[in-house]
Structure formats: structure tokens, C-alpha cells
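**Q** So this note's numbering is basically just the index in the sequence shown, starting at one, shifted up by 5.
Just so you know, even glycine gets a beta-carbon here, dropped at the ideal spot from N, CA and C.
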Amino acid sequence: MDEVRLRLIEQGLERAAEALGDITQPVMAEFYARYPDARASFVHHSPLKPASLEAEMVGNTLYYVMSWFENPVEARIAFDSSVPHHRVALDVPPDWYRGMIEAFLAVVEPAAIADEADREAWQELREGLVGLVERNRFL
């Protein structure tokens, strides 16, 4: 466990929560701006409540952001099954999976990063989570 970076991420998330409040809509707006075709997939997979599925995906991303420096093995195990499953069973391409992470970070990082140490921790987090998507891209 990397306690220093974990604490930097936690403090950044606290700053972002105070500044932004509920980030679900801004993250989804950023995601759909990058991947407009993904909206139909959310409706297809949750026709009665696509907003619930959107909130779940943002919440899952938040979970892995919060836990990356505490337990990266858990994230690796989850991504190693989830990325291929989403691609094969749900027709969700790895780019969308990666895009959710990047949209989340695009919304949160400006409010979360206070100094260079923060920036380095968030960059390492980004590389770690995106790297898990990329390592599973072609499985």
C-alpha cells in the first residue's frame, strides 16, 4: 500500500466533493461528449433507468480511484474479468471503459489537484487504471 499517494488522492477527492458536489452528471456529459454512441448502449442495457446505470458506472470508477493505492491487486482482478466481459458479452469496447475513467478524471482532477505532489499521484493513478484497460484490450 502506498499510504502517501493514497492520502493525496483522498484529500483531492475531498476537495473535489466540496467544489463539485455530485459528479455523476458532469462525468457522464464529458463521457458522452467523447463517445456519443455510448448513450444508446446505456439505454439498451438499462432501458427503464439508464441514469441508474450511469450512476453505477461513475460510482464504480470512484471506487477504483479511491482504492488504487490501497489495493491495486483488487483492481487488477476486477479489470481482468470486467474489461473482456464488457467487450464480449455487452458489446462495450475497451475505449468506452477507458473513456469512463478519463471522463471521471477530467471532471475531478481540476478540483482535486492542489500542487505538484497531487499532480504526480493523480497521473500515477491514471496510468495504473488506464493500464489495466489496455492490458485487457485484446483478450
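Among T29, A126, A83, which has the Cα closest to the Cα of R10?
**A** For this step, residue 10 is matched to residue 5 along the sequence shown. It is A126.
**Q** Helix, strand or coil: how does DSSP classify W73 here?
**A** In the sequence shown, the residue the question calls residue 73 occupies position 68. Looking at W73 - three-state DSSP - the assignment turns out to be coil, as it is neither helix nor strand.
**Q** Going straight from the alpha carbon of P31 to that of V112, what length do you get?
**A** Translated into positions along the sequence shown, residue 31 becomes position 26. Translated into positions along the sequence shown, residue 112 becomes position 107. Roughly 7 Å separates the two Cα atoms.
**Q** What is the C-beta distance between A24 and A116, in whole angstroms, given that I count them as a contact (C-beta under 8 Å)?
**A** By 1-based counting over the sequence shown, the position of residue 24 is 19. By 1-based counting over the sequence shown, the position of residue 116 is 111. Confirmed, about 4 Å.
**Q** On the DSSP letters alone, give me the boundaries of the alpha helix (DSSP H) that F36 sits inside.
**A** Within the sequence shown, numbered from 1, the residue matching residue 36 stands at position 31. Here the alpha helix (DSSP H) through F36 covers 29 to 39.
**Q** For W73, tell me which candidate among G26, N141, V135 has the shortest Cα-Cα distance.
**A** Locating residue 73 in the sequence shown gives position 68, where the first residue counts as 1. It is V135.
**Q** Within its chain, find whatever has a CB closer than 7 Å to the CB of T66; leave out the 5 residues flanking it on each side and keep chain order.
**A** For this step, residue 66 is matched to residue 61 along the sequence shown. Cβ within range, chain order: M105, I106, F109.
**Q** Would DSSP call T55 helix, strand or coil?
**A** Numbered from its first residue, the sequence shown carries residue 55 at position 50. For clarity, residue 55 is Pro in the given sequence; the question names Thr instead. Of the three classes helix, strand and coil, the one that applies to P55 here is helix, per DSSP.
**Q** Can you check which of these residues, L95, M6, D120, V88, is closest to F143 by C-alpha distance?
**A** Here residue 143 is taken as the residue at index 138 of the sequence shown, counted from 1. Among L95, M6, D120, V88, the Cα nearest to that of F143 belongs to V88.
**Q** How would you label M33, buried or exposed, when you count the other beta carbons within 10 angstroms and need 16 or more for buried?
**A** What you label residue 33 is simply residue 28 of the sequence shown in a count that begins at 1. Classification for M33: buried.
**Q** Where do the N-terminal and C-terminal ends of the alpha helix (DSSP H) with P99 fall, by residue?
**A** Here residue 99 refers to the residue found at position 94 when the sequence shown is read from its first residue. That run of the alpha helix (DSSP H) goes 99 to 117.
**Q** I think Q119 touches R12, with their Cβ atoms under 8 Å apart; what is that distance to the nearest whole Å?
**A** Mapped onto the sequence shown, residue 119 falls at position 114. Mapped onto the sequence shown, residue 12 falls at position 7. The sequence shown places Ala at residue 119, rather than the Gln named in the question. With 8 Å as the limit, A119 and R12 do not qualify as a contact, their Cβ atoms being about 13 Å apart.
**Q** Please report the straight-line C-alpha distance between A80 and P99, rounded to a whole angstrom.
**A** As a working note, residue 80 is residue 75 in the sequence shown. As a working note, residue 99 is residue 94 in the sequence shown. Taking the straight line from one Cα to the other gives about 16 Å.
**Q** Which of the three DSSP states, helix, strand or coil, is assigned to N65?
**A** Stepping through the sequence shown from its first residue, residue 65 is reached at position 60. If DSSP states are grouped into helix, strand and coil, N65 belongs with the helices.
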